[in-house]
Every structure is written in C-alpha cells, then in structure tokens.
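Participant:
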Amino acid sequence: MRVIRIIIAAAMLASVSICAHAQQPGSAALTALIERAPDGRPKLDGIWQALAPANWDIRPHAARPGALDQLGALGAEPPGLGVVEGGEIPYQAWALEQQRDNYAKRLELDTEVKCFMPGVPRANYMGHPLQIFQSEQYVMIAYQFANAVRTIHMNDPGPAPTSFWMGWSVGRWEGDTLVVDVTNQKADTWFDRAGNFHSGAMRVVERYTPLGPNHLQYEATIEDPEVFTEPWTISLPLYRRVEAGAELLEFKCIPFSEEVLYGHLRRGADPEDENAADDTE
Amino acid sequence: MQRKPPPGQIHTMLLSSALLLTACQAPDPSDAFDSDYSPPRTSYGDPDLQGIWSNAVITPLERPRDLGDKEFLTPEEAAVYEQERLAATNRDQRPDNVATDVGNAYNNFWWDSGDNVVATRRTSLIVDPPDGRIPPLTAEAERRLESDPGFLGRRAADTFANFTDGPEQQDLMTRCIQFGSAGPPMLPSAYNNNYHLVQTEDHVLIINEMVHETRVIPLDGRAPLPKGLRQWLGSSRGHFDGDTLVVETSNFRPETAFRGASENMRLTERFTRIDDNVLLYEFTVDDPSTFTRPWTAQIPSVRVDDLMYEYACHEGNRGLYGILAGARAAEAAAEAD
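Protein chains in written order, with our numbering: chain C, 83 to 363; chain Z, -9 to 327.
Structure, rendered in structure tokens:
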C-alpha cells in the first residue's frame, strides 16, 4: 500500500510539473515574455480577438435557435459558459423583464443589427478583431466592426462634454494592468445579442492585464444604479492574432443594415409591412 | 474647433511660400520647403507628426477658370476673395423661397469650412499640373463616365428621377458610408475638417473626424492586400522618407470613384511637418485609365489645440430616413389628388 501511495504521490507531482511546463497564461514564465516599453510598462500593441461567444449572450447559455428560421443551423446561437462572474447579472426586477422583452425584439432593437458603433465593453468581444496602439500620449483602440475607434486619454482631459457611442475613456496604469474608466455612453447599446442592456448612467471600469506575450485578460466592472442592484464584472481572455500579416480589414456594415433600417421606405414597399398579413385576409 | 493659425505661424507659412515659388515644378516638399526646421522626434527617432490637424481652408481644389494662368493671389486679392466667399456662403439668412430656405438648413452654425485661403495664396490646392486643374480624362474614362456618370452626374443631368426609390439610389455621403473629404485622399469640406494622427513604432493611425474614418497604416514594409480584396478606404502602407511620412494606397472599390477615378487608382500621400503648427499634406493621384497624367495637390494642415470628438453620422442619420419617408408621403399625396 505504501508503495502504491508513493507512486500516486510521484504521479501527482509529475502532473504538477507538467502543468508548469505547459505555461498557463499568467505563469511567471509567460509574463516574463511580455513585451515592454522602455519605461517598463507592458506594450499591449497588436491585434486581439475574443473567442468566447459572449456577443450571443454574456451569461451562461445553451445553444438555441436563431432569430431567423430561414438561416437554419447557420443562424443558430452557439452555447457559451458565460463571461459574467457568478453567472447572473444583478438586474432590478423591472430590468430583467426589459431584458426578456429586448431579446424577443432583438432584430428590431439591437444596434448591432443597425451597424451602430457598439459601445464598451461589447466592442471587445464581438468576434471581430481589435487593434491596440500605445503611443507616447494615448492608448488607441481601433475596431474592425463599424470602423469604431476609441481614444483612451492617459492624461485626464476633464469631464466629457456630451455622450458618445464609444464613450469617454480615461486610462491609467496599475502595475501591469491598464485600467480604463469609461463613462458617457449612449443608453441605446447593449452588452450582447440577448438584450442585456444598461442605461446612459453606466460606468465601466476596464482592466487589461497581459498574461503573457499572446494573452490579455480583459475585465470590466459595470456600475449602473438605474438598472442593476449592485456592480458586477465580466472577465474573458483576448487572444493575439499571431498569423503573419494579420491586420484589421474593413467591416463597413452600413450598406448591410440599410434594408433593415430603410426597407419599409422604398418606393412600392408596404409602409405597414408588419401588418401585411392582416391586409390579405 | 479653433482653426485659425496664430499670426506668427502665418508669417512662417508665407516664408515657406516664398521658398515654394523658387521651386516651381517641384511638388516634392523636401525640395519645396528647404527650411532649417527640423521636426521633433518620437522617443524611437521618427519625425513626430502627431496631433490634431485641420484642413479647413477655402482655396478650391482646382483653379477657377477665370483666373487663367494666375498661380498666386496678391494679399489684397486674397482678402477680397475671402470676403466674397464668406458673403456667398453665408447661410444665416431666411429667403422667402421655401426650397432655398430648407436648402440652408445647415446654417453657419454647422458650416466650418474655414475663413482663409492657403497661406501661400496659391489659387488652387492642385500644384501639379501647373494650370492647377485636374488633367483631362482619358478616352476610356470618358466612355466609362458617360455610361455611368455617378450619382451627382445623374442627378445633375436629371436622368435619375428615381433617386428617392431607396437608400442605394442615394449618394455615399447621404448614406454616411463615405465622404470625399475624409478620403483618402483628404480634402477640405464644409465641416469636420480635422484629423488625429497617432504614431507608434510600427503603425500610423489617422482618424478623420468625418464619419470617424480610421485608417490603420502599417510601417513594416508589408505588401498591399491581395488584389481582389478591395475596401472603401483602400489598403494603405507607409514608410518614412527622411522627415516625410509617405503613405501609398491601392485596392480601392469601384464605388469610391474619387473624382471619376477607377478602382485602379494609386494614391501617394506625403505628410511633412514644416513648422510646429503646420503639417504639409500632399497627395498624388495616379490612375492611367482615368487621367492623362498624375496630379498632385497640397494642403497645409494647421495644428488644432483642442480635442477631437466622435462623429456618429450613420447612428443619427435622420436625413436619409426623412428623404425616403418624404418621397413616399409625396407619392401618397399625389395618389390621393
């Protein structure tokens, strides 16, 4: 028995050391490889992309049919473990009802359908790449989706004069973590295609922490007393696009949204399209 | 946003113009602006061209025909031109004619096209060819434009009475898809003339205020995108030539059709800081299937000491909605009569 126990212990030790050699993101071996600026700050420059299917629903969710039957499996919504810490969003009671209603009307209400700039944090996990540029004065993030772009002010320029689709971003470093305070967003944007939503009073505190040369942990804490009972946090990794020659391509989606936005205003279209079935009776 | 250059800067620009005069036929700024000015450098040694720059200037792209071979205005002529232009474009008036009044809906509050001609007082932004005008079109381009004169051509010729049939019949600006002023190449326009240039060691980012067009320009010498991959903004690659940032762009879409150009247009842009407050922006259009020769324009972009804010055109596009809804309402009213 004793011999067996020793063998098991040895096997466990071996597996521990194998794990260490696999160099999990965040391990000392990998964080040592993070590229750094001359001042010692991590360089987050590069093209990053989320793999978590959070844009379908940031909460844990099973696979489900898509909004349009005609697309078959192509339009079905893939399952995901969710990116909300604890799994649940602390909605106020009315707001949970609102979210369900939003989901039912998502083709009509989701601003992604309309090709509007997606807001923060959603822009970071849409399934399109983003590119971070760390200049001497700013951190800029360019997004493939809708050509959206953010200026992250590393010197606080003062309060925002109005609201913006991509918000008003003021950044600072906490050790190796870039912390960005995002305020003054539009109330119209959602967190995902599942109708999870916020108000214009939302404050997002983002944390970008490199876990190695090719992984960036992204966290965002959401505060919005008009919609939620308490602050809550999402967390997911962003992966570096390592293929040679990777670059942001153009996804100018306005032409793709025009039928949805203006189709009912075409010459000859029925302006009361939704009631067309009633007319034929 | 504030756009007027401080007086000292105008002086410098005039000095530059004197140097330019002695360097005719030489659109290369390294020859034309042979001053002692040396731009600040980034920590990694590149010329520092960063900042928010404004192209708001009232000098026309092409020299007006009535100016003939007059290359420069005198200071007095420039003052008169500026006053006349301001009077002509003053939209703070309420004409009796309803259509004209509605046409002035964008009044002077929205108009932000600048009050001044370029500091060199050149009569056109085009510096080459010497007549200051876009070169004649090739026969091929004449045929192409005759068969499809583009939206503005069709509307002007009144051969496109169905331009309110749907969104696709409207021009790219009304649809918020692309503005000629944001380019590339960039040109002065009625408003939103600012752009933010940001540099890193391996990229340049140019964000144009107009419809937040964002160009990511790699400096690592990579090849352009594959030929079949065409984009509204093309595919841009940059490098430094001395103190000048050179950006070459190809892979345009046919719809872009800058000044009638084909998708084969090759664009070369040059950004040279000629003093602390002026970034000289030059572009050369080369499209042998459209123009009988390449042509070059020059805009001195003036530093803006302010922030640039997000311009969300599509998100707030009630205009296109109104155009189409109005056309349908007019049809319904005509049917009821």
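From the three backbone atoms N, C-alpha and C, an ideal C-beta is built for every residue, glycine too.
Let me see if you follow: with CB-CB separation under 8 Å, is residue 344 of chain C close to chain Z or not?
Facilitator: By one-based count along the first sequence, residue 344 of chain C stands at place 262. It does; some Cβ of chain Z falls within 8 Å.
Participant: Could you name the residues of chain Z that residue 332 of chain C contacts, counting a contact when the two beta carbons are closer than 8 Å?
Facilitator: Taking the first sequence and counting its residues from 1, one reaches residue 332 of chain C at position 250. 221, 222, 223, listed in chain order.
Participant: Looking at residue 188 of chain Z: is its Cβ nearer than 8 Å to the Cβ of residue 220 of chain C?
Facilitator: For this step, residue 188 of chain Z is matched to residue 198 along the second sequence. For this step, residue 220 of chain C is matched to residue 138 along the first sequence. It is a contact, given that the beta carbons lie within the stated cut-off.
Participant: Of the residues Z/52, Z/278, Z/193, which one's Cα is nearest the Cα of residue 119 of chain Z?
Facilitator: Residue mapping note: residue 119 of chain Z aligns to position 129 of the second sequence, counting from 1. The option with the nearest alpha carbon to residue 119 of chain Z is Z/52.
Participant: Taking only three categories from DSSP, how would you classify residue 137 of chain Z?
Facilitator: The residue you call residue 137 of chain Z lines up with position 147 of the second sequence. Helix at residue 137 of chain Z.
Participant: What distance in whole Å lies between the Cβ atoms of residue 102 of chain Z and residue 48 of chain Z, which are believed to be in contact at a cut-off of 8 Å?
Facilitator: Residue mapping note: residue 48 of chain Z aligns to position 58 of the second sequence, counting from 1. Residue mapping note: residue 102 of chain Z aligns to position 112 of the second sequence, counting from 1. So it is not a contact: roughly 11 Å between Cβ atoms.
Participant: Tell me the start and end of each unbroken beta strand (DSSP E) in the stretch 179 to 266 of chain Z that is at least 3 residues and wholly inside, in chain order.
Facilitator: Those beta strand (DSSP E) runs which fall completely within the stretch 179 to 266 of chain Z and span 3+ residues are 184 to 189, 193 to 198, 203 to 208, 225 to 231, 234 to 240, 256 to 265.
Participant: Mind pulling the chain C residues with CB within less than 8 Å of residue 33 of chain Z?
Facilitator: Within the second sequence, the letter at position 43 stands for residue 33 of chain Z. Contacts between residue 33 of chain Z and chain C, judged by CB atoms closer than 8 Å, involve 120, 218 in chain order.
Participant: Cβ of residue 165 of chain C within 8 Å of Cβ of residue 136 of chain C?
Facilitator: Stepping through the first sequence from its first residue, residue 165 of chain C is reached at position 83. Stepping through the first sequence from its first residue, residue 136 of chain C is reached at position 54. Yes, these two residues count as a Cβ contact at 8 Å.
Participant: Does the Cβ-Cβ distance between residue 302 of chain Z and residue 247 of chain C come in under 8 Å?
Facilitator: The count along the second sequence starts at 1 and reaches residue 302 of chain Z at position 312. The count along the first sequence starts at 1 and reaches residue 247 of chain C at position 165. It is a contact, given that the beta carbons lie within the stated cut-off.
Participant: Could you tell me the alpha carbon to alpha carbon distance between residue 272 of chain C and residue 209 of chain Z, rounded to whole angstroms?
Facilitator: Locating residue 272 of chain C in the first sequence gives position 190, where the first residue counts as 1. Locating residue 209 of chain Z in the second sequence gives position 219, where the first residue counts as 1. Answer to the nearest angstrom: the Cα atoms are 36 Å apart.
Participant: Measure the alpha-carbon distance for residue 216 of chain Z versus residue 125 of chain C and round it to whole angstroms.
Facilitator: Translated into the one-based positions of the second sequence, residue 216 of chain Z becomes position 226. Translated into the one-based positions of the first sequence, residue 125 of chain C becomes position 43. Residue 216 of chain Z and residue 125 of chain C: Cα-Cα distance of roughly 29 Å.
Participant: Just mark residue 352 of chain C as buried or exposed, buried being the case when its beta carbon has 16 or more other beta carbons within 10 Å.
Facilitator: If you number the first sequence from 1, residue 352 of chain C lands on position 270. Exposed, by the Cβ-count rule.
Participant: With a 10 Å radius around its C-beta and 16 neighbouring C-beta atoms as the bar for buried, classify residue 200 of chain C as buried or exposed.
Facilitator: Residue numbering aside, residue 200 of chain C sits at position 118 when the first sequence is read from its first letter. Its Cβ being crowded by 16 or more others within 10 Å, residue 200 of chain C is buried.
Participant: Indicate whether at least one CB of chain Z lies closer than 8 Å to the CB of residue 222 of chain C.
Facilitator: As a first step, residue 222 of chain C is located in the first sequence; it is residue number 140 there, counting from the start. Closer than 8 Å to some Cβ of chain Z, the Cβ of residue 222 of chain C qualifies, so yes.
Participant: Label residue 19 of chain Z either buried or exposed according to how many other C-beta atoms from any shown protein chain fall within 10 Å of its C-beta, with 16 as the threshold for buried.
Facilitator: Position 29 of the second sequence, counted from the first residue, corresponds to residue 19 of chain Z. Summary for residue 19 of chain Z: the model assigns pLDDT 38, below 50, so the residue's position carries little reliability; its value from the coordinates is reported in the next sentence. The residue in question, residue 19 of chain Z, is buried, as its Cβ has 16 or more Cβ neighbours within 10 Å.
Participant: Do residue 342 of chain C and residue 288 of chain C count as a contact pair if the criterion is CB distance below 8 Å?
Facilitator: If you number the first sequence from 1, residue 288 of chain C lands on position 206. If you number the first sequence from 1, residue 342 of chain C lands on position 260. Cβ atoms of residue 288 of chain C and residue 342 of chain C: not closer than 8 Å.
Participant: Do you know whose CA, among Z/110, Z/252, Z/234, Z/32, lies nearest residue 273 of chain Z's CA?
Facilitator: Along the second sequence, one-based indexing puts residue 273 of chain Z at 283. It is Z/234.
Participant: May I have a chain-ordered list of the beta strand (DSSP E) segments no shorter than 3 residues that lie completely inside the stretch 276 to 305 of chain C?
Facilitator: 285 to 294, 297 to 305
Participant: On a Cα-Cα basis, can you pick out the residue from C/281, C/114, C/291, C/286 that is closest to residue 259 of chain C?
Facilitator: If you number the first sequence from 1, residue 259 of chain C lands on position 177. When each option's Cα is compared against that of residue 259 of chain C, the closest is C/291.
Participant: Which of the three DSSP states is assigned to residue 154 of chain C in this structure?
Facilitator: Here the question's residue 154 of chain C lines up with position 72 in the first sequence. Correct three-state label for residue 154 of chain C: helix.
Participant: DSSP state of residue 364 of chain C, grouped into three classes?
Facilitator: With chain C represented from 83 up to 363, any question about residue 364 of chain C goes unanswered, as that position is not in the structure.
Participant: Give me, in chain order, the residues of the same chain whose beta-carbon lies closer than 7 Å to that of residue 127 of chain C; leave out the 5 immediate sequence neighbours on both sides.
Facilitator: Residue 127 of chain C sits at position 45 when you count from the first residue of the first sequence. The residues are 214, 215, 216.
Participant: Mind checking if residue 53 of chain Z is an interface residue toward chain C, Cβ cutoff 8 Å exclusive?
Facilitator: By 1-based counting over the second sequence, the position of residue 53 of chain Z is 63. So no, residue 53 of chain Z is outside the interface.
Participant: Where do the ends of the beta strand (DSSP E) carrying residue 183 of chain C lie?
Facilitator: The count along the first sequence starts at 1 and reaches residue 183 of chain C at position 101. Taken as a continuous stretch (DSSP letters only), residue 183 of chain C belongs to no beta strand (DSSP E), being part of the alpha helix (DSSP H) at 175 to 186.
Participant: Using a Cβ-Cβ cut-off of less than 7 Å, list which residues of the stretch 191 to 223 of chain Z approach chain C; keep chain order.
Facilitator: 193, 195, 197, 202, 203, 204, 206, 208, 212, 221, 222, 223
Participant: Closest by CA to residue 169 of chain Z, which one among Z/248, Z/295, Z/138, Z/75?
Facilitator: Position 179 of the second sequence, counting from 1, holds the residue named residue 169 of chain Z. Nearest option by C-alpha distance: Z/248.
Participant: Under 8 Å by Cβ, that's how I've got residue 324 of chain C and residue 296 of chain C pegged, so tell me the actual separation to the nearest angstrom.
Facilitator: As a first step, residue 324 of chain C must be located in the first sequence, where it is residue number 242. As a first step, residue 296 of chain C must be located in the first sequence, where it is residue number 214. The beta-carbon distance between residue 324 of chain C and residue 296 of chain C, rounded to whole angstroms, is 6 Å. This is short enough to meet the 8 Å contact definition.
Participant: Just checking: is the beta-carbon of residue 261 of chain C within a distance shorter than 8 Å of some beta-carbon in chain Z?
Facilitator: Position 179 of the first sequence holds residue 261 of chain C. No, residue 261 of chain C lies away from the interface with chain Z (no Cβ there is under 8 Å from its Cβ).
Participant: Where does the unbroken alpha helix (DSSP H) through residue 320 of chain Z begin, and where does it stop?
Facilitator: As a working note, residue 320 of chain Z is residue 330 in the second sequence. Residue 320 of chain Z: member of the alpha helix (DSSP H) spanning 308 to 326, first to last residue.
Participant: Residues of chain C with CB closer than 7 Å to the CB of residue 167 of chain Z, please, in chain order.
Facilitator: Here residue 167 of chain Z corresponds to residue number 177 of the second sequence, with the count starting at 1. Going along chain C in sequence order, the residues near residue 167 of chain Z (Cβ under 7 Å) are 334, 336, 337.
Participant: Within 8 Å (strictly less), CB to CB, does residue 156 of chain Z reach chain C?
Facilitator: Counting from one through the second sequence, the residue named residue 156 of chain Z turns up at place 166. Yes, its Cβ sits closer than 8 Å to a Cβ of chain C.
Participant: Looking only at DSSP bridge pairs, what is residue 350 of chain C linked to?
Facilitator: Numbered from 1 along the first sequence, position 268 holds the residue referred to as residue 350 of chain C. Residue 350 of chain C pairs with nothing; no bridge assigned.
Participant: What are the residues of the stretch 124 to 142 of chain C that lie near chain Z, defined by any Cβ-Cβ distance shorter than 7 Å?
Facilitator: 127
Participant: Provide the residue span of the beta strand (DSSP E) that contains residue 132 of chain C, from first to last.
Facilitator: Translated into positions along the first sequence, residue 132 of chain C becomes position 50. Unbroken beta strand (DSSP E) run through residue 132 of chain C: 128 to 132.
Participant: Classify residue 232 of chain C as buried or exposed, calling it buried when 16 or more other Cβ atoms lie within 10 Å of its own Cβ.
Facilitator: Here residue 232 of chain C refers to the residue found at position 150 when the first sequence is read from its first residue. By the neighbour-count rule (16 or more Cβ atoms within 10 Å), residue 232 of chain C is buried.
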